Amino acid sequence: MQEYKLRIHDMQKEERPRERLIKSGATALSDSELLAIILRTGSRQENVITLCQRLLKEYNLKQLSQINLNQLMKIHGIKESKASQIAACFEIARRLESFNGSEKPKINSPEDVYRLIYPRMREQKKEMFIELCLDTKNQVIKEETISIGSLNANIVHPREVFKMALAESAAHIIVAHNHPSGDPTPSREDIEITKKLVETGSIMGITVLDHVIIGDGRHFSMKEAGHI
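Throughout the sequence shown, residue numbering follows the working numbering, covering 914 to 1141 in sequence.
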């Protein structure tokens, strides 16, 4: 005898995720129900709620936000379309964390740098070196990833850093990179690169205001530590 599979349309209307959200708001729904609304459909073997419950048993929300499309598509019932929907959902969430209503975010402290770039750095398995070009009011006029990989003098060269600063007519710059280990304590190479950038900036008339190292939920400021 074939096992009966409950479909979403077989559920009482008031029990369906979308109808519950409309009636009671998004906060009333579980993680699996919210994900079910995003994915919309399940498969022949299981409805979308069961699919999402199984998915969240394999990966918690943080883990799910970190895996790429190829990894998502290895999960039974998740093909390219659903994998893309999941990836897009988490990317919007990351962008919301660093969203600033003003056209040009203003940097007044290392904490401002941390809040701006932490959402996109926290899940990185490799070191990312990012440059923020600022105007005379310390407003961000350009943000650029300079390099991805192990941080050393060969990858992060002052020429590449100040090339963008000159192109954007920046008055100041702030650089930042992450430590995938989660510990933002600077290495000897971090300090050396910072000093080299400060010296180059002094010659070129572009102030390096800070070098912020991003860890897991915390950060380190070269400026505050006296290295600049």
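Even for Gly, the Cβ is constructed at its ideal location relative to N, Cα and C.
Since the model is a prediction, treat every value here as computed from it, not as a measurement.
Sheet register partners of K1019 (DSSP bridge): Q1052
Backbone secondary structure at T963 - three-state DSSP: helix
Beta strand (DSSP E) segment containing N981, residue limits: That residue, N981, is in no beta strand (DSSP E); it is neither H nor E in DSSP.
DSSP state of S1094 mapped onto helix, strand, coil: coil
Own chain, CB closer than 7 Å to A996, minus 5 neighbours either side, in chain order: L982, L985 and M986
Heavy atom of the ligand FAD within 8 Å of E1024 beta-carbon: Inclusion of the ligand FAD in the displayed structure is not the case, the ligand content being empty and no account of it being possible.
Status (buried if at least 16 other CB within 10 Å, exposed otherwise) for T1098: exposed
Nearest-angstrom Cα separation, counted from A1006 out to R957: 30 Å
Inter-residue spacing [alpha-carbon to alpha-carbon] between H989 and R1033: 28 Å
Element boundaries [beta strand (DSSP E), containing E1073]: From DSSP, E1073 is part of no beta strand (DSSP E) but of the alpha helix (DSSP H) over P1071 to A1080.
Spatially closest choice to A1084 from P1093, V1053 and N973, by CA coordinates: V1053
S1060 classed as buried or exposed, judged by whether at least 16 other C-beta atoms fall within 10 angstroms: buried
Pair within 9 Å by beta-carbon distance, I951 and L977: no
Residues of its chain near D1025, where Cβ-Cβ distance is below 6 Å and the 5 sequence neighbours each way are ignored: none
Helix, strand or coil at R931 [DSSP, three-state]: helix
Beta-ladder partner(s) of V1121, from DSSP: I1086
Rounded straight-line distance, which links the Cα of K1136 to that of R1072: 22 Å
Opening and closing residue of the alpha helix (DSSP H) in which E1004 lies: E993 to E1010
Which residues DSSP lists as bridging I1126, in chain order: H1090 and F1133
Beta strand (DSSP E) segment containing E1044, residue limits: M1041 to L1047
Alpha-carbon spacing of T1107 relative to S1134, whole angstroms: 11 Å
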